[in-house]
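In this note's numbering, the protein residues as written are 694 to 939. We put the CB at the ideal spot given by N, CA and C, even for glycine. Take a look at the structure below.
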């Protein structure tokens with residue numbers, strides 16, 4: 694769990710996207726972005742449109758092989774009717790061609806467990822360094838194993854895969870936001886609560902030269918419940934904050 698230590702963000706944070714499920718907390722980093730890459734959009738592009746509203750001139754590629762068109766048409770979002778994967782094919786893409794010559798990408802990823810296939814490919818050729826900020830929804834092995842028919846082809850993903858992913862992300866990026874998805878169950882790993890599904894926000898290490906651990910319990914005032922009618926999960930102590938666990 695040491696690879697999930699949450700740190701204070703040196704910059705203000707804000708919520709982007711629609712209320713409840715579909716919105717994410719991001720850091721307001723200085724400078725600009727080259728591109729917005731969105732993995733998994735389904736019928737909700739509220740995050741993408743809200744983000745683009747705040748970044749005039751920025752373009753977005755949205756990857757989703759399960760939809761034929763966007764819920765709203767906009768010239769600034771190009772739908773790529775392919776799912777994200779480790780290899781390119783007629784139905785999948787690893788995004789390599791879209792990332793060429795880009796240095797400051799914002800990446801949003803909600804791809805139903807396939808983050809464990811796609812993100813490691815970014816480490817192999819160091820494309821991870823071109824991602825200025827990353828928001829990703831993690832579907833933990835506990836959730837994958839609970840719903841094998843839904844998470845087809847992912848039965849080999851276990852906790853070591855998940856923590857290795859976080860360890861590698863920490864080499865180039867700093868975790869500055871964690872939100873538990875209250876629409877899913879809670880697990881316990883090494884005696885510590887870990888939601889089945891959770892949203893993470895990472896910023897490139899150059900934007901967090903001094904790593905100071907978070908001191909506030911979760912959720913924060915910016916967070917919203919994924920299921921508005923259900924209570925949110927409260928997380929305290931290691932690795933979420935330096936408070937002593939009750």
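Residue i burial status per 10 Å Cβ neighbour count (16 or more: buried)
i	result
residue 871	buried
residue 933	buried
residue 794	exposed
residue 918	buried
residue 726	buried
residue 849	exposed
residue 784	exposed
residue 782	exposed
residue 924	exposed
residue 717	buried
residue 707	exposed
residue 817	exposed
When the options are compared against residue i, the one with the closest alpha-carbon
i	options	result
residue 920	711, 694, 695	711
residue 704	775, 892, 824, 905	905
residue 700	874, 892, 869	869
residue 776	797, 922, 695, 730	730
residue 857	810, 888, 823, 896	810
residue 927	897, 879, 896, 902	879
residue 694	907, 903, 935, 860	860
residue 681	853, 842, 862, 839	Beyond the ends of the chain as shown, which are 694 and 939, falls residue 681; an answer cannot be given.
residue 902	935, 866, 846, 736	866
residue 812	787, 889, 791	787
residue 709	801, 768, 907	801
Reduced DSSP secondary structure (H/G/I, E/B, other) of residue i
i	result
residue 734	coil
residue 885	strand
residue 804	coil
residue 938	At residue 938 the pLDDT is 47, less than 50, meaning the model places this residue with poor confidence; the figure from the coordinates comes in the next sentence. Looking at residue 938 - three-state DSSP - the assignment turns out to be coil, as it is neither helix nor strand.
residue 832	strand
residue 707	strand
residue 821	helix
Beta-carbon gap between residue i and residue j smaller than 9 Å
i	j	result
residue 948	residue 894	Residue 948 cannot be examined here, being either before or after the span of the chain that is shown, 694 to 939.
residue 755	residue 738	yes
residue 873	residue 911	yes
residue 833	residue 745	no
residue 808	residue 892	no
residue 751	residue 792	no
Residue(s) in a DSSP beta bridge with residue i
i	result
residue 895	827, 868
residue 773	756
residue 814	Note: residue 814 sits in no beta bridge, so no partner.
residue 728	798
residue 880	887
residue 906	700
residue 911	928
residue 717	709
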